[in-house]
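With the sequence shown counted from 1, adding 35 to any position gets you the numbering used here.
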Amino acid sequence: MAYTPVNYDNRRYMPEPLLRFTTEVFEKAGMSVEHAAELAGYLVATDLRGVLSHGTGTAAGYAQSFKSAVYNPRPEISVTREGGATIQYDGDGGIGHLCSARAVRGAIGKASQFGIGLALGRYCGHTGSIGNWTRIATAEGMIALFTSTAVSPSDYETVQTVTNVFRDYPFSMGFPAPEGLPPIVIDMGTLLAPLDIQEQIAEITTLPLIKGFTLQMISLMLTMPIANMHPATPGPFPGATCNFTTVVINPAFLGDLDDYYAEGRLLFKALHRMSPMPGLEKVIFPGELEAEREIDFRANGIPLAPGHMERLATLGDEFKVPPYWE
């Protein structure tokens, strides 16, 4: 999905009406009451952080996918394999948010017991803004990695620029922060830039392209080969093409947590005294801007474009759900 910038001049909308609206749409599209509320909560939380490309703007596409059985609207997510610090989940053709959240919590449970947990997921749909899933771990004081395949499978048959083959696999890492500071959360696609921009970069140096390709390769090797060791039984939901891997580390097993957080606080203060990178106005840690937005938007509303709200209103007309924000 394309990046959608936040325009602070847009009209603001409180999260509660958006949550009620999207919950009811998903129910009428076929989801259970519990799953509809859960998915709507993730989308509104994503809007609250200003990641508008993956928030309620995706509700129409998801609702149509449930209605047309591209995704299973009522998945029965199950544990298919478990041993030691590892656990594997089958998403039963449902939206990836549901399977992802359960897998991360499963990995947290393993990390609580063993110090580290590895969870895999397969046969699910789009995993959304995957910073949602690493934040579940950071809220429990744990470190997390999460990466997923793209919704569109890689094309290994067509000869093309190699970075385009892997598509824009999402990659996230989250690190718990000392009290009063936001967690550090990297949440990004691994495709460095569109091909035309890659060509412009290459005229200066190929080093960023090589590093970007390497990150794509990491996401690929952490997902597809492992998932194919235990492939899901083909099912009737063609949109369920995603596999994912998450690793959770419990720093309490590694030493004194006071020392861990003291170093984090020192790092936060020290780097904010530095000069920003070229082209940026100030030093911002990954996840810091999102945390600031969440406080602002929860209190004052989420700035959403007229087109965004028009699409939601059209969606409401289709599923007979009123625009509760009016």
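By construction, the Cβ of each residue, glycine as well, lies at the ideal position given by its N, Cα and C atoms.
Just so you know, these numbers come straight off a predicted model, no measurement behind them.
Residue span of the alpha helix (DSSP H) that contains residue i, given as start and end
i: ARG170; result: 166 to 173
i: PHE288; result: Here PHE288 belongs to no alpha helix (DSSP H), and DSSP marks it neither H nor E.
i: ARG55; result: 50 to 63
i: TYR97; result: 94 to 102
i: GLN251; result: 242 to 256
i: ARG346; result: 341 to 354
i: GLY274; result: Unbroken run through GLY274: none, as it is neither H nor E.
i: ILE330; result: 323 to 335
Residue closest to residue i, alpha-carbon to alpha-carbon, out of the options
i: GLY85; options: ALA185, CYS277, GLU353, ARG333; result: ARG333
i: ALA172; options: ARG202, GLY314, GLU345, ALA136; result: ALA136
i: PHE61; options: SER88, THR81, TYR97; result: TYR97
i: LEU83; options: CYS159, ASN167, GLY152; result: ASN167
i: PRO341; options: ASP331, GLY76, TRP360; result: TRP360
i: ALA275; options: PRO52, PRO108, GLU73; result: PRO108
i: GLY290; options: THR39, ALA71, GLY322, GLY150; result: GLY150
i: ALA154; options: MET49, SER189, MET252, ARG116; result: ARG116
i: THR91; options: THR121, PRO50, SER67; result: PRO50
Straight-line gap, residue i to residue j (C-alpha atoms, nearest Å)
i: PHE288; j: ILE219; result: 20 Å
i: THR93; j: LEU78; result: 8 Å
i: GLU298; j: THR225; result: 28 Å
i: ALA146; j: GLN235; result: 44 Å
i: MET208; j: ASN263; result: 24 Å
i: LEU350; j: ASN45; result: 20 Å
i: GLU316; j: LEU306; result: 14 Å
i: ARG328; j: MET256; result: 33 Å
i: LEU230; j: ILE319; result: 27 Å
i: SER187; j: GLY119; result: 32 Å
i: SER164; j: CYS134; result: 13 Å
i: LYS355; j: TYR124; result: 34 Å
i: SER310; j: ALA326; result: 21 Å
i: LEU250; j: ASP352; result: 42 Å
i: ARG47; j: PHE56; result: 16 Å
i: GLN99; j: HIS161; result: 13 Å
i: PHE101; j: PRO271; result: 12 Å
i: SER113; j: GLY131; result: 13 Å
i: GLY34; j: THR182; result: Only positions 36 to 361 of the chain appear in this structure, which leaves residue 34 out of reach.
i: GLY152; j: CYS159; result: 21 Å
i: PRO273; j: THR81; result: 25 Å
i: GLU192; j: VAL200; result: 9 Å
i: GLU345; j: ILE337; result: 15 Å
i: PRO110; j: GLU69; result: 12 Å
i: GLY129; j: TYR106; result: 5 Å
i: GLU30; j: ARG300; result: Residue 30 cannot be examined here, being either before or after the span of the chain that is shown, 36 to 361.
Proximity test, Cβ basis, 8 Å: residue i and chain B
i: ARG157; result: Chain labels in this structure do not include chain B; a single protein chain is all it has.
Unbroken beta strand (DSSP E) run spanning residue i, endpoints
i: LEU155; result: 151 to 159
i: ASP222; result: 219 to 224
i: GLN123; result: 121 to 125
i: ASP281; result: First, the amino acid is wrong: residue 281 is Thr here, not Asp. THR281 -> beta strand (DSSP E) spans 277 to 284.
Residue i burial status per 10 Å Cβ neighbour count (16 or more: buried)
i: THR258; result: buried
i: GLY141; result: buried
i: HIS265; result: exposed
i: SER103; result: exposed
i: ASN335; result: exposed
i: ASP127; result: buried
i: ASP293; result: exposed
i: GLN195; result: exposed
i: GLY322; result: buried
i: ASP190; result: exposed
Beta-carbon separation (whole angstroms), residue i vs residue j, contact threshold 8 Å
i: VAL282; j: LEU180; result: 5 Å
i: LEU227; j: THR198; result: 7 Å
i: LEU54; j: GLY76; result: 6 Å
i: SER254; j: PHE210; result: Not really, about 19 Å apart at Cβ, beyond 8 Å.
i: ILE178; j: ILE261; result: Not really, about 20 Å apart at Cβ, beyond 8 Å.
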